[in-house]
Amino acid sequence: MRKPAPARNAVRNAVPGSVRIIGGRWRGTRLPVADAPGLRPTSDRARETLFNWLQPMLPGARVLDLFAGSGALGLEALSRGASEALLVEREPRLAESLQATIERLQAGDAAKLVRADALTFLRAPPHGRFDLVFLDPPFEQELWRATLALLPPWLADDAWLYLESPSGNPVDAGPGWRLHREGGSRDARHALYRRQGDGTDTLERIPEDDQTSPP
Numbered sequence: 003m004r005k006p007a008p009a010r011n012a013v014r015n016a017v018p019g020s021v022r023i024i025g026g027r028w029r030g031t032r033l034p035v036a037d038a039p040g041l042r043p044t045s046d047r048a049r050e051t052l053f054n055w056l057q058p059m060l061p062g063a064r065v066l067d068l069f070a071g072s073g074a075l076g077l078e079a080l081s082r083g084a085s086e087a088l089l090v091e092r093e094p095r096l097a098e099s100l101q102a103t104i105e106r107l108q109a110g111d112a113a114k115l116v117r118a119d120a121l122t123f124l125r126a127p128p129h130g131r132f133d134l135v136f137l138d139p140p141f142e143q144e145l146w147r148a149t150l151a152l153l154p155p156w157l158a159d160d161a162w163l164y165l166e167s168p169s170g171n172p173v174d175a176g177p178g179w180r181l182h183r184e185g186g187s188r189d190a191r192h193a194l195y196r197r198q199g200d201g202t203d204t205l206e207r208i209p210e211d212d213q214t215s216p217p
């Protein structure tokens, strides 16, 4: 869940000390957010809209949260009824903080952290097939295409994909995916896709974030 890093002082001022889980069994729980260059979580408003749309498919779902950062996406999914969330994070400090959060939530075997580079992880044999994937890599590294190319063996036939990319240079999921919902803020495009062949043709927009509101 990392975005392009502005000037160092701007990053320090923009990154909140925590974000909250919005719904479900851990509703209101605060998740720490490290003061790290390029790290800024998806806003509460965008996450709330996203998870309201996903709610019908979340109970029992297997979730893969790549580039997990604070874990806000994967842990929100668990809070709302997903059966398993596999969170992948490479940066040692972020992974250590995320592991502490998982232990504090007493998530048991439902939340599993993998400390690894996401692309290296995806090249290994799949850990089963996942119903929902969160893809929000560091924008400046431009990892969307390489990640999307490695995803198919990990996906359920009717899998969902949340993809976040820069508003000025949006990324499309490409062949095999149908755009289901989209929206954006000043900094990012938020897009929800479903694997083609599910018969879903609706398209709605996530409301734009209020940039004057606190995260």
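Taking our numbering, the leading residue of the sequence shown gets 3, the next gets one more, and so forth. We put the CB at the ideal spot given by N, CA and C, even for glycine.
Assuming residue i is part of the beta strand (DSSP E), what are its boundary residues?
i    : result
W179 : 179 to 186
E93  : Here E93 belongs to no beta strand (DSSP E), and DSSP marks it neither H nor E.
R117 : 113 to 117
V135 : 132 to 137
By the three-class DSSP mapping on this structure, what secondary structure does residue i have?
i    : result
E142 : helix
S81  : helix
S99  : helix
W162 : strand
E105 : helix
L194 : strand
L152 : helix
R22  : strand
Can you tell me the Cα-Cα spacing of residue i and residue j, whole angstroms?
i    : j    : result
E105 : R131 : 25 Å
G19  : P34  : 6 Å
S169 : D138 : 13 Å
N171 : G185 : 14 Å
D67  : D46  : 17 Å
A193 : W162 : 11 Å
E50  : I23  : 9 Å
G218 : Q198 : Nothing about residue 218 can be reported from this structure: the residues present for the chain run from 3 to 217 only.
V173 : M59  : 24 Å
E86  : T103 : 16 Å
A84  : P61  : 5 Å
Q213 : L80  : Any reading at Q213 needs caution, since the residue's pLDDT is 36, under 50, leaving its predicted position unreliable; the model's value is listed next. Approximately 28 Å, taken between the alpha carbons.
P94  : W146 : 22 Å
L181 : L165 : 10 Å
F53  : A63  : 13 Å
R27  : L107 : 10 Å
H129 : F69  : 17 Å
D133 : W156 : 9 Å
R32  : E144 : 29 Å
S99  : L115 : 11 Å
V90  : A190 : 21 Å
F123 : A36  : 23 Å
A97  : A158 : 26 Å
R188 : S167 : 11 Å
G30  : P127 : 36 Å
Going by C-alpha to C-alpha distance, which of the options sits closest to residue i?
i    : options               : result
A112 : P127, R95, R82        : R82
R125 : S99, T103, A97, P154  : P154
V65  : P94, D46, G76         : G76
A109 : G71, L88, W146        : L88
G25  : E166, V90, A74        : A74
L121 : S99, E166, T149       : T149
A151 : G176, P140, Q57       : G176
R183 : D189, Y195, A190      : Y195
G71  : L56, L52, R92, Q57    : R92
F141 : P43, L96, Q57         : P43
E78  : A118, A48, F123, D189 : A48
Would a check of beta-carbon distances place residue i closer than 8 Å to chain C?
i    : result
R196 : Annotation note: the requested chain C is absent from the structure, which comprises a single protein chain.
The ligand MG and residue i: does any heavy atom of the ligand fall closer than 7 Å to the residue's C-beta?
i    : result
D138 : The ligand MG is absent from the structure shown, which contains no ligand whatsoever.
Specify, as a first and last residue, the run of the alpha helix (DSSP H) that residue i falls within.
i    : result
L121 : 120 to 125
Q. In chain order, which alpha helix (DSSP H) runs of at least 4 residues are fully inside the stretch 30 to 77?
A. 46 to 56
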